[in-house]
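Below is one structure; the comments refer to it alone.
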Amino acid sequence: MSENLDPVSPKPKREPDEDSLRLAEALVFASAEPVTPHGLARVLAVDLDAGSVLAALRARYAGRGVELVDAGNGVMFRSAPDLAPRLRKVIESPRRLPRVAMETLSIVAYHQPVTRPEIEHIRGTALSQQTLDSLLELDLIAPKGRRESPGRPTLWGTTPAFLAHFGLKDIRELPRREDLLLGMAPPRLIPEILPADLQAPPDAV
Amino acid sequence: MSENLDPVSPKPKREPDEDSLRLAEALVFASAEPVTPHGLARVLAVDLDAGSVLAALRARYAGRGVELVDAGNGVMFRSAPDLAPRLRKVIESPRRLPRVAMETLSIVAYHQPVTRPEIEHIRGTALSQQTLDSLLELDLIAPKGRRESPGRPTLWGTTPAFLAHFGLKDIRELPRREDLLLGMAPPRLIPEILPADLQAPPDAV
Amino acid sequence: MTSMDWMEASSDISLPPSETLVLHLDGFDGPLDLLLDLARAQKVDMARISILSLVDQFLAVIEGARRIRLELAADWLVMAAWLTWLKSRLLVPNAAGDDLEDGEMAAEALATRLRELNVIRTVAAWLAARPVLGQDVFARGVPESHHEYDRSRVIIEAGPFVRAYLEAIRRGTKSSPYTPRALTLWTVQDALRRLADMAGSLPDWTTLEQFLPDHMDSPTERRAALASTLLASLEMARGGTIHLRQDEAFGPILVRQGSAYADRTA
Chain A
1 MSENLDPVSP KPKREPDEDS LRLAEALVFA SAEPVTPHGL ARVLAVDLDA
51 GSVLAALRAR YAGRGVELVD AGNGVMFRSA PDLAPRLRKV IESPRRLPRV
101 AMETLSIVAY HQPVTRPEIE HIRGTALSQQ TLDSLLELDL IAPKGRRESP
151 GRPTLWGTTP AFLAHFGLKD IRELPRREDL LLGMAPPRLI PEILPADLQA
201 PPDAV
Chain B
206 MSENLDPVSP KPKREPDEDS LRLAEALVFA SAEPVTPHGL ARVLAVDLDA
256 GSVLAALRAR YAGRGVELVD AGNGVMFRSA PDLAPRLRKV IESPRRLPRV
306 AMETLSIVAY HQPVTRPEIE HIRGTALSQQ TLDSLLELDL IAPKGRRESP
356 GRPTLWGTTP AFLAHFGLKD IRELPRREDL LLGMAPPRLI PEILPADLQA
406 PPDAV
Chain C
411 MTSMDWMEAS SDISLPPSET LVLHLDGFDG PLDLLLDLAR AQKVDMARIS
461 ILSLVDQFLA VIEGARRIRL ELAADWLVMA AWLTWLKSRL LVPNAAGDDL
511 EDGEMAAEAL ATRLRELNVI RTVAAWLAAR PVLGQDVFAR GVPESHHEYD
561 RSRVIIEAGP FVRAYLEAIR RGTKSSPYTP RALTLWTVQD ALRRLADMAG
611 SLPDWTTLEQ FLPDHMDSPT ERRAALASTL LASLEMARGG TIHLRQDEAF
661 GPILVRQGSA YADRTA
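Chains as they are written, first to last, in the working numbering: chain A, 1 to 205; chain B, 206 to 410; chain C, 411 to 676.
Below you can see the structure in the form of structure tokens.
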């Protein structure tokens, strides 16, 4: 780099040799930061120009699987962009459903076919459109016609994809409600609260 | 890799071409961990042998500033060792391991799985928490279960990072005890002093 | 035991004059470490370590150290004491054959431990001489990741699924807005209305209890109704619609149609 030199009497620089290329290659490879010509000059012999060495290195790597690219005011190695799609490794990291979605899904599974107001009724709180949408998008629930009552609300039920998630052959393979609700005081209130059709056991599906 | 193929009718493999070399180069360059032939085979065309591609790549980088070396059961790029003095000037490197840590590491490597009291017995002095911590922090040793004896002490062993750290392909590349003990009387087993497992050869790993 | 000066202590150092060695005692990682260095300094095959001369050297070092610093670490003194015992057994074995064997076995055990430590130290040196990653050879400074995380799938486990259902049901039945507990307590307003309705048909003094509503099942409901009815009766008595009478403390409260009622209906 010219900075190192007395600007009044710039000595003529040598052509980059193999040794300087090796050193530059190793430095750029191992550095966590882009290597600037100035940084390279610190390890090069004084009669070598860092800029020329980097240019020669860039030429050597042209068209290879790894290329020397500019980054900030330095250079770094980067795998060739055209190879990226072939190097890509997709790692599956499945999410867990949020609690609201899980509860909604379980209510649909046990009470299907069920309307949205009925789901809200059972959970005792409003059901957000977002939750319903996410379950729809994941193909875990699907509309199953409409109830022939005022307003003709949509009925919801689970999908084959839902069964596949659990590795179930049939919705009847879910634990029985009666077994689940064991120990819970048989809710005396339920008859008044739940419409009669919600009382159907899950195997009525 | 041959694992991918029907063992009965192994198709003849193509010679590594420029495209496969580029791909292998990019993959190994990008990876923070050693790349196994199996890992490379995943991205290569089926009619190419990962081992041959890596061999060709190794030849291409021979003598360069960056070299392809074995580490564990894979390969990785590393700066050439002869450049170390010049690179150290600009690349920050962690402090060398103190002798205590090196000896402790050697004991773990030779006697693994080994408990802390056994390490202390061999060195004839207590093992400081600091030494254990530094080896753990560098991921050179790791717990390998517990010994089913009173107190159930933790067993220690070396990690894949240990192999990469010292450029070893396999723990068996460590000098054989027999070679080290050359000229010495074969150590008589003294059960009262050394637990029998301390006598296990290193290749019992 | 410092780790800083291991460089000096590690390799085959020739035995320094004892004064220097005293000062260097801290450079050794315990008595075994010093013993090994003394053994190596014998410059003989490790297989033929002379335990006796080793013992003498060790004791000399410890003696020298004690002359300068009295507070020598316990493990050094324990080793010194043990070596003194060992020396006595090796030099003047007792008539009993046991003692001789004891001494020889102990010496062999010590030699074995020293050989083992020597092996380890050689391995450590061998390892340290290799190009070490991060010190002599360097890996890629900025690894790239071509990993792509696919989070489109969801995971549903039977356990959480079933628990979610139970929680929904429990919470739903607990705080559902559709389950208001019917308020069956008899209010003062209720009592006023009932008293006003019934006061006209009162033939004569009637106990207050007669004005309580029917079907008061629980004692709580009954007490609440009684209190409300009492309050209502006091209010009506103040307006003169009814008269109240109580013959004795805690006795039954009697009600009769008042003059105001009669006036109004007249």
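Backbone N, C-alpha and C fix where the C-beta goes; we use that ideal spot for every residue, glycine too. Given the structure is predicted, the values throughout are model-derived calculations rather than measurements.
- Query: What separation, rounded to the nearest whole angstrom, lies between the Cα atoms of A/P201 and A/E178?
  - Reply: Residue confidence is low: A/P201 scores 44 on pLDDT, short of 50, so the model does not pin down where it sits. Its coordinate-derived value is still stated next. Roughly 8 Å between the two C-alpha positions.
- Message: I'd like to check one pair, B/T320 with B/D344: are the Cβ atoms closer than 8 Å?
- Response: Contact flag unset, no.
- Task: Report the residue from C/L500, C/L644, C/S463 and C/V547 whose alpha carbon sits nearest the alpha carbon of C/R666.
- Result: For the residues C/L500, C/L644, C/S463 and C/V547, the minimum Cα distance to C/R666 belongs to C/L644.
- Task: Leaving out five residues on either side along the sequence, give the residues of the same chain with a beta carbon under 7 Å from the beta carbon of C/A517.
- Result: Cβ within range, chain order: I461, L496 and L500.
- Task: Whole angstroms is fine: what's the gap from C/G551's alpha carbon to B/R269's?
- Result: Separation of C/G551 and B/R269 (C-alpha to C-alpha, rounded to the nearest whole angstrom) is 17 Å.
- Query: At what residues does the beta strand (DSSP E) containing B/G350 begin and finish?
  - Reply: Bounds of the beta strand (DSSP E) holding B/G350 are I346 to R351.
- Message: Can you confirm whether B/L210, when its beta carbon is compared against all beta carbons of chain A, has any partner nearer than 8 Å?
- Response: With a pLDDT of only 47 at B/L210, under 50, the local geometry of the prediction cannot be trusted, and no value is derived from it.
- Message: Please classify A/S93 as buried or exposed, where buried requires at least 16 other C-beta atoms within 10 Å of its C-beta.
- Response: A/S93 sits exposed, since fewer than 16 C-beta atoms from the chains shown fall within 10 Å of its C-beta.
- At what residues does the alpha helix (DSSP H) containing A/E18 begin and finish? Start and end: E18 to A30.
- Item | C-alpha distance - B/L226 paired with A/S20, whole-angstrom precision | When rounded, the distance between both Cα atoms is 25 Å.
- Message: So for A/L138, helix, strand or coil by DSSP?
- Response: Correct three-state label for A/L138: coil.
- Task: Could you name the residues of chain C that A/A84 contacts, counting a contact when the two beta carbons are closer than 8 Å?
- Result: What A/A84 touches in chain C: H556.
- Rounded to a whole number of angstroms, what is the C-alpha to C-alpha distance between C/L431 and A/A55? Low confidence applies to C/L431: its pLDDT is 45, below 50, so where it sits in the model is not reliable enough to give any reading.
- For C/G569 and chain A, any beta-carbon pair shorter than 8 Å? No Cβ of chain A is located within less than 8 Å of the beta carbon of C/G569.
- Would you report the Cα separation of A/H165 and A/P117, rounded to the nearest angstrom? Cα to Cα, the separation comes out at about 26 Å.
- Find out if the Cβ-Cβ distance for the pair A/E120, A/L127 is shorter than 8 Å. Between A/E120 and A/L127, the C-beta spacing is below 8 Å.
- Query: Given a threshold of 16 other Cβ atoms within 10 Å of its Cβ, counted over all protein chains shown, does A/R123 qualify as buried or as exposed?
  - Reply: Classification for A/R123: buried.
- Hey, C/A601 and C/A634: beta-carbon distance below 8 Å or not? Pairing C/A601 with C/A634 gives a Cβ-Cβ distance that is not under 8 Å.
- Message: Please give me, in chain order, every unbroken run of the beta strand (DSSP E) with length at least 3 that falls completely inside the region 62–103 of chain A.
- Response: Taking only runs of at least 3 residues, the beta strand (DSSP E) segments lying wholly in the region 62–103 of chain A are 66–71, 74–79 and 89–92.
- Neighbour flag for A/Y61 against chain C, beta carbons, 8 Å: Cβ-Cβ to chain C under 8 Å: no for A/Y61.
- Give the residues from the region 300–324 of chain B that approach chain C closer than 8 Å (Cβ to any Cβ), ordered along the chain. The residues in question are R301, L302, P303, R304, V305, A306, M307, E308, L310, S311, I312, A314 and Y315.
- Query: Helix or strand or just coil, what does DSSP make of C/D560?
  - Reply: Residue state, collapsed to three classes: strand.
- Query: Under 8 Å between the Cβ atoms of C/L576 and A/L180?
  - Reply: In this structure, A/L180 lies closer than 8 Å to C/L576 by Cβ.
- Task: Tell me whether A/V43 sits in a helix, a strand or coil according to DSSP, three-state version.
- Result: DSSP places A/V43 in coil when its eight states are reduced to three.
- Query: Going by DSSP, what residues sit across from B/W361 in a beta bridge?
  - Reply: DSSP, once it has assigned bridges, lists B/V319 and B/P348 as partnering B/W361.
- Message: Just to check my reading of the structure: B/L292 and A/A26 have Cβ atoms closer than 8 Å, yes? What is that Cβ distance to the nearest angstrom?
- Response: Confirmed, Cβ separation roughly 6 Å.
- Going straight from the alpha carbon of C/D512 to that of B/W361, what length do you get? The alpha-carbon atoms of C/D512 and B/W361 are separated by roughly 33 Å.
- Any beta-carbon of chain C closer than 8 Å to the one on B/S284? It does; some Cβ of chain C falls within 8 Å.
- Task: Please report how far the alpha carbon of B/D338 lies from the alpha carbon of B/A306, in whole angstroms.
- Result: Rounded to whole angstroms, B/D338 to B/A306 spans 10 Å at the Cα level.
- CB of A/L105 within 8 Å of CB of A/L135, strictly: Yes; because the gap between Cβ atoms is below 8 Å, this pair is in contact.
- If I'm right that C/L448 touches C/F468 with Cβ under 8 Å, what's the distance once you round it to whole angstroms? Cβ-Cβ separation between C/L448 and C/F468: approximately 6 Å, consistent with a contact (criterion under 8 Å).
- Does A/P175 come within less than 8 Å of chain C when only Cβ atoms are used? Chain C contact via Cβ: present.
- Does the beta carbon of C/V542 sit closer than 8 Å to a beta carbon anywhere in chain B? By this cut-off, C/V542 is an interface position.
- Cross-chain neighbours of B/A235 in chain A, by beta carbon under 7 Å: Chain A residues near B/A235: S79 and L87.
- Where DSSP assigns a beta bridge to C/I663, which residues make up the other side? For C/I663, the beta-bridge partners assigned by DSSP are C/Q656.
- What residues are listed by DSSP as bridge partners for A/R14? Beta-bridge pairing links A/R14 to A/L48.
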